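Residue numbers (the UniProt record's numbering): 1 to 496. The beta carbon of each residue, even a glycine, is placed where N, CA and C say it ideally should be. Predicted model only: the values in this text are computed from it and were never measured. The structure under discussion appears below in the form of structure tokens.
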């Protein structure tokens, strides 16, 4: 029997014996009877989330509903829906009885309620972050209702989790079911599992189990009500205790209130379609939402739009919640630069955001992108890197400088652009000490190359074409070379 049950859950494997993840400490809250654990992959140590649901009987109604949730989460894919990785079922002795457990492994997330306490945002920053999160969950709900003709059945604060980049994702699919007004069998999981939904979250037609009315309603009717419940819980800061509490609108922002009331319309057919909420809500028109949306479609923008955006972004970033800038905007910006959809002005913004990180985080989140950009053929990118090299030069190891940076920087000595040549020379004052550190054990090749480029550069350009600042740099560079030559072998000095 148990073998059959394991096969029902696709990708189940063979129980915990071969479970490729380590289960860690649980979070304080989770949806329904599930437990939400921190976890790691045994393969590479990467973080995951592990959800578990246990029962003494494999046919327990919680377990049956849980299997529906596993199946649905595994098959429904959307950027704003929790990403499924793995699932399994296991049995273990629990005293004289047996305990059966379903495990779902997903991308690493934490409960929204706990993340909000951790962020502790207030005022405009709180509202802007709530707007972004609600925008994401509304997109997930609209996808289910309008595109897939599915009903989630219990949208609320507990059914939302937050990723490491502070994105909100919808999960808790135990009640999820098809919606087909012409098919009486449609909605069977909801018919079977609607008892899982707290009474306070049920619209009137669901409270009365009026399935005829539900089938006549639009597919978004129940989940639009759920979005209203989520909005109430977000802004009131408390779990919804009674349906009647939804009438208390004191905490709802004025720009969101009309939409909130339409989501909670007592007539199912008049409830606001989530797609309309996404497209038309005034509440979603704020700096954070607009900034993230622009960056997510950066490759569709023209050069003028990008330059204008990135020149304004430093000032905008100063006004946004710092953790959101560093965990959400910075990774998107770094990725855009690496893949060429962002231009040189974006690099200045990346460095500014990176300056807000501790040194160890800068080395992990920003420095790899900077190092890759040294290989860029874009002169503006190269010039920007060289111009700002003082900001990140100390963070680069000698090995990175020797193997990944200097070979690309050195081409600047023979560049046809005078500005690049001058910036290249200036950059040597930062890079040269790094190169020297490895000279003793690598036959001094970087230093030989540096001196060769330096003298070729000096002799190839007419003196009149070189700026006063660059002439001063010659003196500084000569001093630099002399100082570091004292560390080289006698043979190296003779060769130079």
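Is the beta carbon of residue i less than 7 Å from the beta carbon of residue j?
i	j	result
residue 227	residue 155	yes
residue 434	residue 410	no
residue 263	residue 257	no
residue 268	residue 178	no
residue 251	residue 283	no
residue 114	residue 286	no
residue 168	residue 162	yes
residue 266	residue 298	no
residue 58	residue 42	no
residue 192	residue 321	no
Identify which residue in the options has its Cα closest to the Cα of residue i.
i	options	result
residue 105	89, 116, 99 and 243	89
residue 356	163, 391 and 197	391
residue 245	165, 202 and 268	202
residue 151	303, 402, 194 and 58	194
residue 348	362, 127, 313 and 180	313
residue 165	325, 304 and 407	325
residue 393	402, 350, 328 and 430	430
residue 379	407, 344, 359 and 405	344
residue 332	320, 294 and 301	294
residue 130	302, 261, 253 and 305	253
residue 239	214, 213, 261 and 198	198
residue 215	86, 180 and 280	180
residue 237	338, 25, 116 and 274	116
residue 149	76, 98 and 159	76
residue 46	85, 79 and 319	85
residue 78	87, 63, 170 and 93	170
residue 328	235, 95 and 291	291
residue 353	60, 270 and 323	323
Residue i bridges to which residues according to DSSP?
i	result
residue 168	162
residue 41	21
residue 51	36 and 104
residue 92	99
residue 84	106
residue 376	Per DSSP, none; premise fails for residue 376.
residue 111	161
residue 151	177
residue 26	37
My assumption, with CB atoms under 8 Å, is that residue i sits in contact with residue j. Please give the rounded CB distance.
i	j	result
residue 372	residue 330	Going by Cβ atoms, the distance from residue 372 to residue 330 rounds to 15 Å, so no, they are not a contact pair.
residue 32	residue 172	7 Å
residue 27	residue 55	Actually they do not touch by this definition, with Cβ atoms about 20 Å apart.
residue 110	residue 153	Wrong, their Cβ atoms sit about 23 Å apart, outside the cutoff.
residue 310	residue 346	5 Å
residue 112	residue 157	6 Å
residue 369	residue 334	4 Å
residue 259	residue 277	6 Å
residue 200	residue 249	Residue 200 to residue 249, Cβ: 16 Å. No contact.
residue 341	residue 367	Rounded, the Cβ-Cβ distance is 20 Å, inconsistent with contact.
residue 40	residue 24	7 Å
Does residue i have its Cβ less than 7 Å from a Cβ in chain B?
i	result
residue 403	The structure shown contains no chain B; it is built from a single protein chain.
Whether or not the stretch 409 to 429 and the stretch 372 to 388 are in contact is what I'm after, with contact meaning three or more pairs of Cβ atoms, one per stretch, closer than 8 Å; do they touch? yes
Does the count of Cβ pairs from the stretch 132 to 141 and the stretch 28 to 39 closer than 8 Å reach three? no
For the stretch 98 to 115 and the stretch 47 to 60, state whether three or more C-beta atom pairs, one from each stretch, are separated by less than 8 Å. yes
Counting Cβ pairs closer than 8 Å, one from the stretch 399 to 418 and one from the stretch 374 to 384, do we hit at least three? yes
Does the pairing of the stretch 125 to 136 with the stretch 218 to 237 give three or more beta-carbon distances under 8 Å? yes
The stretch 58 to 70 touching the stretch 112 to 121, judged by at least three CB pairs closer than 8 Å: no
Would you check if there are 3 or more beta carbon pairs closer than 8 Å linking the stretch 142 to 151 to the stretch 207 to 221? yes
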